[in-house]
Structure formats: structure tokens, C-alpha cells
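Colleague:
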Amino acid sequence: MEVARTTIPGLSFPTDLLFNLDAVRKHCTADLATHNACLSMLKGRMQLEHYYATELARLADQFKIDDEDDSNDPVGAEHGAIDGKRGADDDDGDGGNDRTSRSSTLKEALRGLRAQYTNTSVQHKALAANLDEDVYQPMHTLYKYLVKKESKLTVCTTRVRKQTKAFEEHYRKQHIKFDKHFKDASTTYAQAMDVGIAREIIHNQYLASPVHLRPHEKHHPDKRTTPPPTHSLDPAATSDAVSSPQHSPELITTIGTPAKPPPPSSPHITVSDGTGNTSRPRSTSMSRSTLDGTKLVSWLLPSGQQKKDNLLITSVKAIETAETSRHECRVAWNGFEDARVALFRSIQSILNDYQVRWIH
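Residue numbers (full-length UniProt numbering): 1 to 360.
The structure is reproduced here in C-alpha cells:
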């Protein structure tokens, strides 16, 4: 009993098997293997038919009949005729006729058998030729075409998948980079908040960074309004800072010095013994230089405000780097999404090509 085939309306080969390309390729590979096995069987059958026809023709050629050999040899035929005449004279008429009749009947049967072998050999040879021309060659041509087409489809599938994989790997690398920069920015931002820097200050400093420049400002940086130097913002404050005892280097260099320093022309005091020999100058400021070095180191070390400023700059730079990485990650994601859409469309086209080549 034949099973009735049913189809679901509204379904098509490209859409239903959109995510089953590997299954389709697997079945097509199995069909090609079956096709190749059928070609091998046909080729073996043709070889067998050729061998059978050749062997039958060889048997028919090797089989000889005595009268045919005698007819080909005139001397043998004459001796055979004389011997037959003598035998006919010696024997009775009835016995000679029986032997002649049996001999002629056997020879006719042998001739028919040899003719049958020859005819069968010709038939098998013709069968082998017909199999080769009508069956094997068309199937072999179709097999070569399908193998070539399947190879092209496989290369196309591998190429589009490889391209999509490359976009995916690029996006993952950009995402890892962005995640690292985001964690660094979060850490520095938390440290800045811990030391007392207001978030509004960080935000305003970040908004003034080149990351937020408009496109025409990026291409024409000379048209931007650059803030004046720090030392010219407030002359009064600058003069106070310069004259302030806390930041004045003169105070540091004069702490511990005598009330009346030596003149510039004689920075050291030399001692003469009256004979013209001068000894090395005595260092009258040994303890004074040590104290001056301590004060200088204290002055060069960053103050609390300087630490805050440095931390603010570091935090803003980390946020700028994280923002740049975010833009790069977004671009990589858009490229990956476009590659995925192109992959789905290519797979749909490939499945449609499989349908056209294998089903029709």
C-alpha cells in the first residue's frame, strides 16, 4: 500500500530550512555518494558485458567442425571423398546412410550452437555500448555537474560564515577592550569621589574634552576658543601666590641663614696662613644645607590639592578612553549585525540554489 504524500501549504524550501543548511548539505552529500555508487555499478556491469561478449566470441572462434576444415583443405577433401567412396562400397547402403545422417545432424547442431554464441556475444556487446551511451554517460555528466555545484555552494557558505565569524571576533575584541577601559574609568572615578572631588567638576571637565567636539570643530581646531593660560586668569591671585610665604622659594632658601649673608663675589670664606697657602673653605652651613634640603623636598612633594588635580585629570582621561572604546565597540557591533543579515540572506539564496539543482 502506497503512503499518501502530504504537503503543508504556505511552507517553502528556503524559509523552512533557513537554519537547517547543514542538514540539507548532509543529505545532498549522501545523495552524491549514492549517485557515485550507481555509476560504479553501471561501470562494473558494462565491463562484465564486454568481458562476457569477448569470451563468447572467443569460444565461438575456437570451436571448429571437421567438414569445414576439410572444405578449406582441397587435398583433405579429396582423400575424404575417396575414403567415403570406399566405405560406401564396403558397407551396406542403409548403414552408410544412417551414419551420414547422424553426422550431418550433429554438425548442424554444432553450427547452430556456435552461431548462438556469436549472436549472444554481439548482443552483450551492444548492451554494454547502449548502457555506456544512454545511461552511464548522462548520469556521469550530471554527477560531475552536481559535484561542481555542491563544491561552489560549500565554498560560498564557508566564505560568508568566515566573514561573519571575523566580524564577530572583531566585536568581541572591541567589547573586551571597552569592558577593561570602563572598569578603569569606574575605578578612577570612584577614587576621585573619595578624595572629595565633586561629580559636577568631573562632568564639566569631561564635557570640555575633545571627545565631545563637534565634527566641524574637529576639522578646524584653530576656530575653537582656547582658555587663557592659568597664570593670567587672576593677576591678583597670581601675585599673591608668588609673594605668599608658603610658596616662596626665597623663604626656603633663607631659612637658617645668617642675618647678613656673604657677598655674591665671595660665596666661601678662605683662611690663609700668611705663607701664601690657602686651605679649603670651611663649610659654615653644614647643618643649614641639610635643613634647606629637607624644606626643598617638602616643597617639591605634591600637596593635597595637586593630588586632587592629578586624580581629576587621570579620571577624565580614563572616561575619555572608555567613551572612545564605547564608540569603537558600537561600530563593531553594527558591522557584526550587518554581517549576520548578509549571512542569513546568503544562506537563503544557497538553499534556494540547492532546491533548484537537486529537486527539479
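Even for Gly, the Cβ is constructed at its ideal location relative to N, Cα and C.
Are the segment 138-154 and the segment 303-321 touching, with three or more C-beta to C-beta distances below 8 Å?
Modeller: no
Colleague: Pull up the distance between the alpha-carbon of Leu251 and that of Ala192, whole angstroms please.
Modeller: For Leu251, the pLDDT reaches just 30, beneath the cut-off of 50, and the residue's location in the model is therefore unreliable, although a value from the coordinates is still provided. In a straight line, the C-alpha of Leu251 is about 33 Å away from that of Ala192.
Colleague: Between the C-alpha atoms of Val24 and Gln348, what's the straight-line distance to the nearest angstrom?
Modeller: 12 Å
Colleague: Lys180 by DSSP, collapsed to three states: which one?
Modeller: In this structure, Lys180 counts as helix in the three-state DSSP scheme.
Colleague: Using only the alpha-carbon positions, how far apart do Val195 and Tyr171 sit?
Modeller: 36 Å
Colleague: Starting from Glu133, trace the alpha helix (DSSP H) both ways and give me its first and last residue.
Modeller: Looking at the DSSP string, Glu133 is not in any alpha helix (DSSP H), and its letter there is neither H nor E.
Colleague: Could you tell me if Phe167 is buried or exposed, where buried requires 16 or more neighbouring beta carbons within 10 angstroms of its beta carbon?
Modeller: buried
Colleague: Would you mind sorting Phe63 into buried or exposed? The rule is 16 or more other CB atoms within 10 Å of its CB.
Modeller: Classification of Phe63: exposed, given that the 10 Å Cβ count is below 16.
Colleague: By the three-class DSSP mapping on this structure, what secondary structure does Asn352 have?
Modeller: helix
Colleague: For the alpha helix (DSSP H) that Lys64 lies in, which residues bound it at each end?
Modeller: Here Lys64 belongs to no alpha helix (DSSP H), and DSSP marks it neither H nor E.
Colleague: Quick one: what does DSSP say Gly44 is sitting in, helix, strand or coil?
Modeller: helix
Colleague: Secondary structure at residue 367, three-state DSSP: helix, strand or coil?
Modeller: As displayed, the chain neither begins before 1 nor continues past 360, which places residue 367 out of reach and without an answer.
Colleague: Leaving out five residues on either side along the sequence, give the residues of the same chain with a beta carbon under 8 Å from the beta carbon of Met46.
Modeller: Scanning its chain for C-beta atoms nearer than 8 Å, with the 5 sequence neighbours on each side dropped, one finds around Met46 the residues Ala128, Leu131, Asp132 and Tyr136, in chain order.
Colleague: Any chance the segment 150-164 sits against the segment 337-356, with 3 or more Cβ pairs inside 8 Å?
Modeller: yes
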